[in-house]
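Asks: Just dropping this structure here.
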Amino acid sequence: MDSSYAMAKFGLESKDKLTSNQKSCWYYLKYFFLFASLIQFLIILGLVLFMIYGTTNEGIEARLESLESLYQKQIFEHRVLLNRYGQLNMKFNTTTKERDFGIVELQNTKAKMENLTALNTLLNRLIREKDKEYEIKISIIIKKFQGDLKTNEDDKKQLEMSLVACRAGCNRNHPDCPPIQEKCITLPNRRLCSAYEIEKFISTCISIDEKFNVEVQRLQRNFDLAIARNVPSTIVTNYESRIQLDNILQSCKPLPTEVANYINASLANIKHNIITNIELMSGKAETEASLKRCLEDFRNVMGLQTTCTKEKDELRKDMEMLRLTADSDLNRSNKQLLAKMEELDKCMKQLEQQPRTYSQIG
Numbered sequence: 025m026d027s028s029y030a031m032a033k034f035g036l037e038s039k040d041k042l043t044s045n046q047k048s049c050w051y052y053l054k055y056f057f058l059f060a061s062l063i064q065f066l067i068i069l070g071l072v073l074f075m076i077y078g079t080t081n082e083g084i085e086a087r088l089e090s091l092e093s094l095y096q097k098q099i100f101e102h103r104v105l106l107n108r109y110g111q112l113n114m115k116f117n118t119t120t121k122e123r124d125f126g127i128v129e130l131q132n133t134k135a136k137m138e139n140l141t142a143l144n145t146l147l148n149r150l151i152r153e154k155d156k157e158y159e160i161k162i163s164i165i166i167k168k169f170q171g172d173l174k175t176n177e178d179d180k181k182q183l184e185m186s187l188v189a190c191r192a193g194c195n196r197n198h199p200d201c202p203p204i205q206e207k208c209i210t211l212p213n214r215r216l217c218s219a220y221e222i223e224k225f226i227s228t229c230i231s232i233d234e235k236f237n238v239e240v241q242r243l244q245r246n247f248d249l250a251i252a253r254n255v256p257s258t259i260v261t262n263y264e265s266r267i268q269l270d271n272i273l274q275s276c277k278p279l280p281t282e283v284a285n286y287i288n289a290s291l292a293n294i295k296h297n298i299i300t301n302i303e304l305m306s307g308k309a310e311t312e313a314s315l316k317r318c319l320e321d322f323r324n325v326m327g328l329q330t331t332c333t334k335e336k337d338e339l340r341k342d343m344e345m346l347r348l349t350a351d352s353d354l355n356r357s358n359k360q361l362l363a364k365m366e367e368l369d370k371c372m373k374q375l376e377q378q379p380r381t382y383s384q385i386g
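Oh and the sequence shown: position 23 is 47 in my numbering, straight run, nothing missing.
And the structure:
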């Protein structure tokens, strides 16, 4: 309602209208002091703010410069870390490839070791089989040698018996010579008991008989000449002396019985010695031939044994070399694998540390 229009007031309200509308002095002083204190507060606040932020531009510029340098430094470090990360990544890839190669090489080495083990087993089995085979061959050869020696001894005994039966005479037409000759030809040792030895034996006996007869005739002539020279016929004039001389000559011209027997015994001894010598020479030659064969077979056996021993030694050396080579390869592969694993662990640690650095930079 507009206050310009007058209204009728009644009662107590009419009494209030009668009082004065002017404010007291304290009312205005209150507002004065209020505004004065407010202005003072603003002045103090301005002074404080000026004191605090009076050099704001210089601090901001220094802060900006430090932030710029820190930013450039962080960018440089970030680039260095990126390069380092690339190098480590390449090294990691190379190490991974080398590790894979080392694993493959280790597997190949293990396969080689397995093959070498199988080869060693096979070689040992072959060596045992060869040993058994050579032992069987050696036992067969020894049995053969023993049989040959026994056969030679039996043949020697038969020859001795045949030669004892053949000692009765040395004539070519002796009935026991042809079968003995045939038997000697059929024997294994043909070279020692051949027809040449028999003919030589017979010719030796005949030549001895001829020489002995010639020597006896020569002695007879010498004896006659000695008697004629020492007892000439002109000296003996007595008839009785002549008769005695004729008796002596007749008794001396043919050889005496004792001398003839002695000569025959000597001739028999000579023939017996010749036969014995020939038998001994034949037995010696046969024994030497058997000994040569035995020695040759023994040398062959020793040669086979030496060859087998050399082959065994060579196989053992080859196996040892292969084992040493495989061990060295395996050790080298293990060392390389351990080195690569260590490098891989280092690379993994460095790769684990790099994200932390990037998070700190961000």
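C-beta atoms are modelled at their ideal positions from N, C-alpha and C, and glycine is treated no differently.
Can you tell me whether DSSP reads K47 as helix, strand or coil?
Replies: coil
Asks: Spatial neighbours of E367 within its chain, please: CB distance less than 8 angstroms, with the 5 preceding and 5 following residues excluded, ordered by chain position.
Replies: K115, T119
Asks: Considering only C-alpha positions, which residue in the set F125, K181, R108 is nearest to E310?
Replies: K181
Asks: If contacts are defined as beta-carbon pairs under 8 angstroms, then I162 and D321 qualify, I think. What distance do you get, rounded to the angstrom?
Replies: Wrong, their Cβ atoms sit about 10 angstroms apart, outside the cutoff.
Asks: Alpha carbon to alpha carbon, how far is D155 from K336?
Replies: 10 angstroms
Asks: Since L147 and M343 should fall inside the 8 angstroms C-beta cutoff, what is the C-beta to C-beta distance between them, to a whole number of angstroms?
Replies: 7 angstroms
Asks: Please return the same chain residues whose Cβ sits closer than 7 angstroms to the Cβ of G327, not counting the five positions on each side in sequence.
Replies: Hits under 7 angstroms: none found.
Asks: Is the segment 359–374 in contact with the segment 119–135, if contact means three or more CB pairs nearer than 8 angstroms?
Replies: yes
Asks: Given that a residue counts as buried once 16 or more other Cβ atoms are within 10 Å of its Cβ, and exposed if not, what is T133?
Replies: buried
Asks: Is it the case that the Cβ atoms of I151 and L354 are separated by a distance below 8 angstroms?
Replies: no
Asks: Using alpha carbons as the reference points, say which of M75, E85, D124 lies closest to L362.
Replies: D124
Asks: Would you say A350 and K136 are within 8 angstroms of each other, going by their C-beta atoms?
Replies: yes
Asks: Helix, strand or coil for Y77, going by three-state DSSP, please let me know.
Replies: coil
Asks: Within this structure, are the beta carbons of R347 and L140 separated by less than 8 angstroms?
Replies: yes
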